[in-house]
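In the numbering used here, the protein residues as written are -11 to 545.
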């Protein structure tokens, strides 16, 4: 757009030094406006108004070629012209301008054989100029009309030619933008389907590994092998989640469930969740956390993801016997500024090259650029961190003193002003020892049988239905406490199953859990709207599943 402006202005200066300042400024404004548009409708609105301003015409039309027809898309005139009408390309003056790839200048329409008089005599038009949009391969035309005899001046013609050149570039940009938008939508659909298809085979593998762990324990050669398998399954699941998160965040499909929470407790919980990984990496974690709660409005799930990604990064790039420092601090607001919570994760690892730092938070950027790619990953984790932090109204920055000198990531979030003490009066009650009736609605045999086996290991009574309709019938017959339902079911999907069961008074206290390969934000929201109490993605961690069962069963009791 900038190049076309420079070319057009140079052309203008060479041919018509007498152009008025107002015309020059109007062209600049048009170019500026067209540079920002994303739809053809916006282009038409800008150009039809500008064309009339630049020529002082009594009317203008914006015409697009539609096969062998001229489509008069829009107009701006003192009286009606041909808006919305189509004419054969060879029978109208706009078609002539496109076919001959040159402007048509007509002082008296009644004296020019190219004019279809019947179409014009019902209008105010006496004179006109029609300029094609894009000379090489015209895709339309812009016409200017006068109600009195008028021979368009060289300046008026030149102004319209500059305008049509600019319009052609704007249309090309919009077409490219729309093409890219369509391709991105297809990519998002592909990623979502890929994630679902990857999760389906991973789910029974994960179920089987967790069942082996429960049966054989974690000691000995077999136990260690099972733990390694479990670690790799979690790594694969994390890669799938990151693919979906980057796509969702890019298109604004992630919404936050903000609640007032104690960040100190969230950091401790996350460190506890990473205890095995920290032990496996043989690293020393040094914590510096406040002795009192640090309150902030955050989405707990997304905060775990932010801190978890930073911690995973530190673990990945640190050598054994190294150290990771986790610091959480409170900065009170001063002079009207907001209070802040600052979370820092620093490691003694491989460090970051200065040249990489500016692009570190871009998707698919990796600090490890060695050919063996020994540390793996897709380069999406930090991009997800940055996007989630910014959704919370915060910021994240990275620093490093250089190669092999470690790195530090600092997250700053808005914090609540007040600092209160923890309320220890609440008593936690578990329902883990209760034997529950559980119905699993799952069409994948491997996933269903392995999930059934693990749940039975915990002492639950488990039934399986292979499709949505059979699932509803079985639920009405057995009246289970918990219903774990896949989404992508044959005959009736999981959303419809949840909606149907939610209408039945028999299931007022039953808990519906979605367990599915569809893990996008829209899928989660639709699951909750359909009647599910929670949405878990395959392969599920059984500690997480039993926690959800306990939590929601207690709420319904």
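Note that the Cβ used here is the ideal one computed from N, Cα and C, for glycine as well.
Shown here, residue 213 sits in a helix according to DSSP, grouped into three states. Selection 186, 343, 318 and 284 evaluated against residue 381 yields 284 as nearest (Cα-Cα). Taking 9 Å as the cut-off, the Cβ atoms of residue 486 and residue 530 do not count as close. Between the segment 270 to 290 and the segment 307 to 319 there are three or more inter-stretch CB-CB distances shorter than 8 Å, so the stretches are counted as touching.
Collapsing the DSSP output to three states places residue 402 in a strand.
For residue 64, the enclosing beta strand (DSSP E) covers residues 57 to 65.
Using a C-beta cut-off of 8 Å, the segment 146 to 157 makes contact with the segment 39 to 47, since at least three inter-stretch Cβ pairs fall below that distance.
Residue 383 sits in a strand when the DSSP states are folded into three classes. If you look at residue 330, you'll find it in the beta strand (DSSP E) that goes 328 to 335.
With the rule of 3 Cβ pairs closer than 8 Å, the segment 89 to 102 does not count as touching the segment 10 to 21. Per DSSP, the beta bridge partners of residue 525 are 504. When C-alpha distances from residue 341 are compared across 199, 394 and 327, the shortest belongs to 394. Looking at 264, 180 and 489, the one whose alpha-carbon comes closest to that of residue 300 is 264.
Going by C-alpha positions, residue 496 is about 7 Å away from residue 490. Residue pairing by DSSP places residue 301 in no beta bridge whatsoever.
Judged by DSSP in its simplified three-state form, residue 49 adopts strand. By the CB criterion at 9 Å, residue 290 and residue 339 fall outside the cutoff.
Contact check for residue 86 and residue 126: beta-carbon distance about 4 Å, within the 8 Å limit, so the pair qualifies. DSSP, read as helix, strand or coil, puts residue 41 in helix. The beta carbon of residue 331 is closer than 6 Å to those of 316 and 399 in its chain, skipping five residues each way along the sequence. Contact annotation: the segment 17 to 33 does not touch the segment 107 to 127, with fewer than three C-beta pairs closer than 8 Å. Using a Cβ-Cβ distance cut-off of 8 Å, the segment 419 to 439 and the segment 466 to 475 are in contact, since at least three pairs of beta carbons, one from each stretch, lie closer than that value. In this chain, residue 75 is not harboured by any alpha helix (DSSP H); it is covered by the beta strand (DSSP E) spanning 74 to 76.
The Cβ neighbour count for residue 36, taken over all protein chains shown within 10 Å, is at least 16; the residue is labelled buried. Collapsing the DSSP output to three states places residue 284 in a strand. Look at residue 465 here: in three-state DSSP terms it is helix. Residue state for residue 271 is assigned as coil, using DSSP reduced to three classes. The beta carbons of residue 502 and residue 482 sit about 6 Å from each other, so the pair counts as a contact at 8 Å. Straight through space, the alpha carbons of residue 143 and residue 169 are spaced by roughly 39 Å.
If you look at residue 315, you'll find it in the beta strand (DSSP E) that goes 311 to 319.
Residue 34 and residue 22 have their C-alpha atoms some 7 Å from each other. Annotation: the continuous beta strand (DSSP E) that includes residue 134 extends over 128 to 134.
No Cβ-Cβ contact shorter than 9 Å links residue 195 with residue 25.
Judged by beta-carbon spacing, residue 271 lies within the 9 Å limit of residue 310, meaning their Cβ atoms are closer than that value.
Here the alpha carbons of residue 61 and residue 286 stand approximately 49 Å from one another. Residue 425 is bridged by DSSP to 449.
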